[in-house]
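Numbering (the UniProt record's numbering), first residue to last: 1 to 275.
Next comes the structure, spelled out in structure tokens:
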């Protein structure tokens, strides 16, 4: 992995709220990532998340129109908890350091990973924010998005509204069918120019969880596979939102409690211990 960022890359991220890293994985690494994710998905047999009975394409309680959203992408979460190969990838300390360098924090914890697979002819992913869905509130939280197939203008690459994360908030506008729905919440960006980020398989992007982003429809007869992971700083606290947490976990938490369960949100990098 390309784990050493340039000052220019960090500056671009700080300005725009996203950055593209070309050839993040070499050929052998890409093949291993594909193998690991494919194996992990097969093992799940359609189960969306550990401890949940929800299957891919079913109503998950967040997005109510399962028929439409089931044709946006297949989504499986926390594969690292059910597959050792994915766990090896997601808990890589070097990856945690890259995240810490971009976010400017001392320690990196996983929030959740996701395999996101746009099937042939899939619907677009509407403009949305990530962080307002999560069980903690931190303006620095971010995600990596690794292309397992070439992500193109034709098959649903990512798009971003550059700089939007500087002024968006933790209010959750949700994710609707209409691409322009988010501008009801953030009308100041309706005239903004979006930036498309096509990338070759093995490249990746990082984006802040408060950056407005989406993805195009898959206008091809092929798959567009991506592996992603969301990160939070060590020291993040519970904000009352359930998100991926189980009922049992939520029952034990009070607002303000640390989210430091190593079985759920492992610490994968700490600047103090890495020195």
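All C-beta atoms, glycine included, are put in the ideal place defined by N, C-alpha and C.
> Can you name, in chain order, every residue of its own chain whose Cβ lies under 8 Å from the Cβ of residue 256, other than the five neighbours on each side?
Replying inline: 237, 238
> On the three-state DSSP scale, how would you describe residue 56?
Replying inline: Here residue 56 sits in coil by DSSP.
> Closest to residue 156 by CA distance: which of 163, 169, 127, 50 is it?
Replying inline: Taking each of 163, 169, 127, 50 in turn and checking the Cα distance to residue 156, the smallest one comes out for 127.
>> So, with DSSP's three-state summary, where would you put residue 263?
In response: coil
> Can you name, in chain order, every residue of its own chain whose Cβ lies under 6 Å from the Cβ of residue 253, other than the five neighbours on each side?
Replying inline: 238
> Should residue 261 go down as buried or exposed, given a rule of 16 or more other Cβ atoms within 10 Å for buried?
Replying inline: exposed
>> How far does the alpha helix (DSSP H) with residue 14 in it extend, from its first residue to its last?
In response: It spans 7-16 - the alpha helix (DSSP H) in which residue 14 sits, taken as one unbroken run.
>> Looking at residue 244: is its Cβ nearer than 9 Å to the Cβ of residue 205?
In response: no
>> Is it buried or exposed, residue 42, if we count other Cβ atoms within 10 angstroms and call 16 or more buried?
In response: exposed
> Which two residues bound the contiguous alpha helix (DSSP H) that contains residue 249?
Replying inline: 247-251 is the extent of the alpha helix (DSSP H) around residue 249.
> If you compare alpha carbons, which of 193, 182, 105 is closest to residue 267?
Replying inline: 105
>> Between the alpha carbons of residue 250 and residue 53, how many angstroms are there, rounded?
In response: 18 Å
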